[in-house]
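Data block below; observations after.
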Amino acid sequence: MTIARVSPPGSPSATARDEEAVYFPAGAHQLFGVLTRPVVESNGCAVLLIKGGSPNLVSFQRNRLAVRIARRAAGLGYHVLRFDWHGVGESGGPLEVFRLDRPFGDDVVAAVKWLQAQGFAQVVLVGSCYGGRAALMAARKLHGVQGVVLVSMSVAYDLYRLRADNVAVTQYVRRGMSLRRLRGLFNSTMRRAYARVAWDKVRAIVARRWRRLTSRDSIDPTLVSTDVFGQLKHLLDRRARVLFIYGTEDPFYRHFRRVNEGAFGRFLARYGDLVEVSADIDGVVHEYTTVAVQDGTVEAVAQWLRHRLPTTESQPLVAEQVES
Amino acid sequence: MNVLSDPPVRNAATRLDPETGVVEEAAFFGRESEMLFGVTHLPPGEVLGGVLICSPLHAEFLRHYRNEVLVARKLASRGLAVHRFHYRGAGQSDGGDSELTFESMVEDTVAAGDRLRERIDGRPLSLLGTRWGGLIAGSAVSRLDPVALALWEPVTDPAAYFQEGFRALLLHRLKEGRPKENDTPLPQDQLRRTGSVDVLGYSIERSLYESALPHRLEAEIRGALPVFLLQLSRGSALRKPLAAIESELESRGCQVTTHLIREQVAWWFQDTDVSQSQWLTAASEITGDWLFEMHTARSLG
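Have a look at this one:
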């Protein structure tokens, strides 16, 4: 299902006058954020904007994308918080490696807890790529999550394993026969790297064969991260809405389309219109390297916030932490 | 004794940096219809003076953002109050792409400088500008009358800056493997024809381009003040444009200190390395020493 991209006429938008800087605790650190207040009657729901995983990406994101989304959502009645990861931007703490399989979910939990302490029991998480993974991870530990927007997010377990599944054995052999690669056999670091690649490929083959022998409805863990699957199930079982946004040429979208044809797609289909996919933004959304994809993303998020949320068929309004 | 005035802004959020003892105040300030965002880093003890940081633009702003935060904390830990701000049309501030012009950035710099001056009760003020921020800082000298000007890899010629951006765009297209499209205009031509060009997700408007072109760094810096010039490059000699700036400023009576760090920075592209750049550590130390010396000399004088 795609979201119609029609801007409602005369929608107000917030400005800096409607914003305030905040610091909130996250473990041993203090994270920085900007809270945007609605410029129309508040709907009691807060949106948390979660950016991608990069040392250079700060809360306002490339070309102020997060500022635009925040101020636009404020025109729809939402409070919006955009924030910096620990070690990035204005936040405290050391800069750490961004790993897709270990996103900074605790930073997201801290941001949501802060929002809930301000009185917002219902929250919507909007995460880009790594931010989407962090959103899913955090949502497992939280109550009151009405919905999650996952922009250009990979559902694969590991990007290297994703490659292992997509490259044929014959290609591996052909590439391995090059002089450079053969010379690498005399280097212990390269030998370990080759062994890892070979092992990933063997796992991919075995997993696919095993899946064929067992239930056709089991999700192939080499294609879809078991964490992502479990986190999505957790959300959808609690009637939260999920929107996937991709560009037509996003590499993660190609993979998403592929897994959507199998057990993963059947799993998502069980939840009916709780799950939506918007993939009509031309080009590559990931990293937002054109103004056109930025505008498309702002529009897609705004339309979904306007038409799909907040809902009354929700989780309990009292915000409680489910897992510490 | 710390004698700073109360902040004349609303709703400032504060944070105490546990490593340096620096207090950071983040707030929106200025006219209600055109608010700017800024962060003031306040020393834990005696305040020697203030440093206003003028930031780069576009992708370079994001690339250098955390560096400026760390530099500010470092300088503040040494007794210099630091103020960083976002120009209208950039970062968290108000304003759209078309409102970002050379003149608006200089105005915002002066407004931010005045704000810092109020906070440091008349103590000496200096400017630190990186890349485009160096050009803006240079232009603001005549209006802010700082005691010193530090420039990191300053843009000396706006036309060259935009060319770098256009080259980065073409490189990005090549990297993406896009087939040659005969009807895709060159960035410069597109800017001329349509009034804006999308450079790696940043809309460069004709208003910014045309307002900036007449301003060259050596002409913008007025008066004879101490200038610190930092170059980042693989070469061992000052590049021609910076050497020309050095020579021109010295001929006008400026005391120019130059420093070269052998490091190449691809300003228009994101840095994925999480380890703190060695060049930043060296640049912070040496610039901090120089600023400290300038401020000390002023307060003794």
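Sequence lines, in order, name chains Y and B. For reference, each letter of the first sequence is one residue, going 1 to 324 in my numbering. For reference, each letter of the second sequence is one residue, going 1001 to 1301 in my numbering. Every residue gets a Cβ at the ideal spot worked out from N, C-alpha and C, and that includes glycine.
query: What does residue 1066 (chain B) touch in chain Y if you count any residue whose Cβ is under 7 Å from its own?
result: Here residue 1066 (chain B) is taken as the residue at index 66 of the second sequence, counted from 1. Correct list: 55, 88 and 89.
message: Measuring alpha carbon to alpha carbon, tell me which residue in B:1239, B:1015 and B:1230 is nearest residue 30 (chain Y).
response: To locate residue 30 (chain Y), count along the first sequence from 1; it is residue 30. Closest by alpha carbon: B:1015.
- prompt: Among the residues of its own chain, which have a CB less than 6 Å from the CB of residue 1218 (chain B), if the five just before and after it don't count?
  reply: As a working mapping, residue 1218 (chain B) is identified with position 218 in the second sequence. For residue 1218 (chain B), where only same-chain residues beyond five positions count, the Cβ hits under 6 Å are 1245 and 1248.
message: Helix, strand or coil, according to DSSP, for residue 60 (chain Y) in the structure here?
response: As a first step, residue 60 (chain Y) must be located in the first sequence, where it is residue number 60. Residue state, collapsed to three classes: coil.
- prompt: How would you label residue 153 (chain Y), buried or exposed, when you count the other beta carbons within 10 angstroms and need 16 or more for buried?
  reply: Numbered from its first residue, the first sequence carries residue 153 (chain Y) at position 153. Residue 153 (chain Y) is buried by the Cβ-count criterion.
- prompt: Between the C-alpha atoms of residue 5 (chain Y) and residue 1194 (chain B), what's the straight-line distance to the nearest angstrom?
  reply: Here residue 5 (chain Y) is taken as the residue at index 5 of the first sequence, counted from 1. Here residue 1194 (chain B) is taken as the residue at index 194 of the second sequence, counted from 1. Note that residue 5 (chain Y) scores 35 on pLDDT, short of 50, meaning its location in the model is unreliable; the coordinates nonetheless yield the value given after this. Whole-angstrom Cα-Cα distance: 24 Å.
message: Quick check on residue 1338 (chain B): does DSSP put it in helix, strand or coil?
response: Because residue 1338 (chain B) is not part of the residues shown, which for chain B are 1001 to 1301, the question remains open.
query: Is the shortest distance between the beta-carbon of residue 17 (chain Y) and the beta-carbons of chain B less than 7 Å?
result: Counted from its first residue, the first sequence places residue 17 (chain Y) at position 17. At least one chain B Cβ lies under 7 Å of residue 17 (chain Y).
message: Would residue 1032 (chain B) pass as an interface residue toward chain Y - the criterion being a Cβ-Cβ separation below 7 Å?
response: Locating residue 1032 (chain B) in the second sequence gives position 32, counting from the first residue. Cβ-Cβ to chain Y under 7 Å: yes for residue 1032 (chain B).
- request: Grab me the residues of residue 316 (chain Y)'s own chain with a C-beta within less than 7 Å of its C-beta, minus the 5 sequence neighbours each way, in chain order.
  value: Counted from its first residue, the first sequence places residue 316 (chain Y) at position 316. Because residue 316 (chain Y) sits at a pLDDT of 37, beneath the cut-off of 50, its placement in the model cannot be relied upon, and the following sentence gives the value as read from the coordinates. Contacts found: 143.
task: Consider the C-beta atom of residue 1197 (chain B) and the heavy atoms of the ligand FMN; say whether any pair is separated by less than 6 Å.
output: Because no ligand of any kind appears in the structure shown, any question about the ligand FMN cannot be addressed here.
Cross-strand partners of residue 25 (chain Y) (DSSP beta bridge): Taking the first sequence and counting its residues from 1, the one referred to as residue 25 (chain Y) is at position 25. Looking at the DSSP assignment, residue 25 (chain Y) forms a beta bridge with Y:30.
query: the stretch 257-290 of chain Y: which residues have C-beta closer than 9 Å to a C-beta of chain B, in chain order?
result: 284, 287, 288, 289 and 290
- request: Can you tell me the Cβ-Cβ gap for residue 1198 (chain B) and residue 290 (chain Y), rounded? I've got them flagged as a contact below 8 Å.
  value: Locating residue 1198 (chain B) in the second sequence gives position 198, counting from the first residue. Locating residue 290 (chain Y) in the first sequence gives position 290, counting from the first residue. About 6 Å; that satisfies the 8 Å criterion.
task: Given a cut-off of 7 Å, decide if residue 264 (chain Y) and residue 219 (chain Y) are closer than it, judged by their beta-carbon atoms.
output: Along the first sequence, read from residue 1 onward, the residue named residue 219 (chain Y) stands at position 219. Along the first sequence, read from residue 1 onward, the residue named residue 264 (chain Y) stands at position 264. It is a contact, given that the beta carbons lie within the stated cut-off.
task: Answer with buried or exposed for residue 122 (chain Y), where buried requires no fewer than 16 other C-beta atoms within 10 angstroms of its C-beta.
output: Position 122 of the first sequence, counted from the start, is the residue given in the question as residue 122 (chain Y). That one is buried.
- prompt: Are the Cβ atoms of residue 1076 (chain B) and residue 1124 (chain B) separated by less than 7 Å?
  reply: Against the second sequence, residue 1076 (chain B) aligns to sequence position 76. Against the second sequence, residue 1124 (chain B) aligns to sequence position 124. Using a Cβ distance threshold of 7 Å, residue 1076 (chain B) and residue 1124 (chain B) do not count as a contacting pair.
message: Taking the beta carbon of residue 177 (chain Y) as the centre, do at least 16 other beta carbons fall within 10 Å, making it buried, or is it exposed?
response: Locating residue 177 (chain Y) in the first sequence gives position 177, where the first residue counts as 1. Exposed, since its Cβ has fewer than 16 Cβ neighbours within 10 Å.
CA-to-CA distance, residue 234 (chain Y) to residue 1235 (chain B), given in whole angstroms: Translated into positions along the second sequence, residue 1235 (chain B) becomes position 235. Translated into positions along the first sequence, residue 234 (chain Y) becomes position 234. Roughly 56 Å between the two C-alpha positions.
query: What's the C-alpha gap between residue 267 (chain Y) and residue 50 (chain Y)?
result: In the first sequence, the residue the question calls residue 267 (chain Y) occupies position 267. In the first sequence, the residue the question calls residue 50 (chain Y) occupies position 50. When rounded, the distance between both Cα atoms is 26 Å.
- request: Spell out the partners DSSP gives residue 1202 (chain B) in its beta bridges.
  value: Along the second sequence, one-based indexing puts residue 1202 (chain B) at 202. Paired residues: B:1199.
query: Under 7 Å Cβ-Cβ, which residues of chain B neighbour residue 60 (chain Y)?
result: Here the question's residue 60 (chain Y) lines up with position 60 in the first sequence. Chain B residues near residue 60 (chain Y): 1091 and 1092.
message: Rounding to the nearest angstrom, what Cα-Cα distance links residue 174 (chain Y) and residue 181 (chain Y) in this structure?
response: Walking along the first sequence from the start, residue 174 (chain Y) turns up at place 174. Walking along the first sequence from the start, residue 181 (chain Y) turns up at place 181. Those two C-alpha atoms are separated by around 10 Å.
- prompt: Where does residue 303 (chain Y) land, buried or exposed, given buried means 16+ other C-beta within 10 angstroms?
  reply: The sequence position of residue 303 (chain Y) within the first sequence is 303, counting from 1. Buried, by the Cβ-count rule.
- prompt: Helix, strand or coil: which one does DSSP assign to residue 114 (chain Y)?
  reply: Here residue 114 (chain Y) is taken as the residue at index 114 of the first sequence, counted from 1. Helix.
field: Residues of the stretch 1097-1115 of chain B with Cβ closer than 7 Å to any Cβ of chain Y, in chain order
entry: Within the stretch 1097-1115 of chain B, no residue qualifies.
- prompt: Does any CB atom of chain Y fall closer than 7 Å to the CB of residue 1271 (chain B)?
  reply: Position 271 of the second sequence holds residue 1271 (chain B). At least one chain Y Cβ lies under 7 Å of residue 1271 (chain B).
message: Measuring alpha carbon to alpha carbon, tell me which residue in B:1036, B:1101, B:1023 and B:1166 is nearest residue 20 (chain Y).
response: In the first sequence, counting from the first residue as 1, residue 20 (chain Y) sits at position 20. Minimum Cα distance to residue 20 (chain Y) is reached at B:1036.
task: Using beta-carbon positions only, say whether residue 1038 (chain B) and residue 60 (chain Y) come within less than 7 Å of one another.
output: Your numbering for residue 1038 (chain B) matches position 38 in the second sequence. Your numbering for residue 60 (chain Y) matches position 60 in the first sequence. No, the pair does not count as a contact, with Cβ atoms beyond the cut-off.
7 Å Cβ cutoff met for residue 1224 (chain B) and residue 1262 (chain B): Working through the second sequence from its first residue, we reach residue 1224 (chain B) at position 224. Working through the second sequence from its first residue, we reach residue 1262 (chain B) at position 262. No, they are not a contact pair.
- prompt: Mind checking if residue 1294 (chain B) is an interface residue toward chain Y, Cβ cutoff 7 Å exclusive?
  reply: If you number the second sequence from 1, residue 1294 (chain B) lands on position 294. Chain Y, which has no Cβ nearer than 7 Å to the Cβ of residue 1294 (chain B), makes this no.
Beta carbon proximity, residue 30 (chain Y) to chain B, threshold 7 Å: As a position in the first sequence, residue 30 (chain Y) is number 30, starting the count at 1. By this cut-off, residue 30 (chain Y) is an interface position.
- prompt: Any idea if residue 1213 (chain B) is buried or exposed, counting beta-carbon neighbours within 10 angstroms, 16 or more meaning buried?
  reply: By one-based count along the second sequence, residue 1213 (chain B) stands at place 213. Counting Cβ neighbours within 10 Å, residue 1213 (chain B) comes out exposed, since fewer than 16 surround it.
message: Rounded to the nearest angstrom, what separates residue 132 (chain Y) and residue 258 (chain Y) at their Cα positions?
response: The residue you call residue 132 (chain Y) lines up with position 132 of the first sequence. The residue you call residue 258 (chain Y) lines up with position 258 of the first sequence. Distance between the alpha carbons of residue 132 (chain Y) and residue 258 (chain Y) is about 19 Å.
- prompt: Closer than 7 Å, CB to CB, is residue 1028 (chain B) near chain Y or not?
  reply: Within the second sequence, the letter at position 28 stands for residue 1028 (chain B). Under the 7 Å criterion on CB atoms, residue 1028 (chain B) is classed as interfacial with respect to chain Y.
field: Buried or exposed (CB count within 10 angstroms, at least 16 for buried), residue 387 (chain Y)
entry: Only positions 1 to 324 of chain Y appear in this structure, which leaves residue 387 (chain Y) out of reach.
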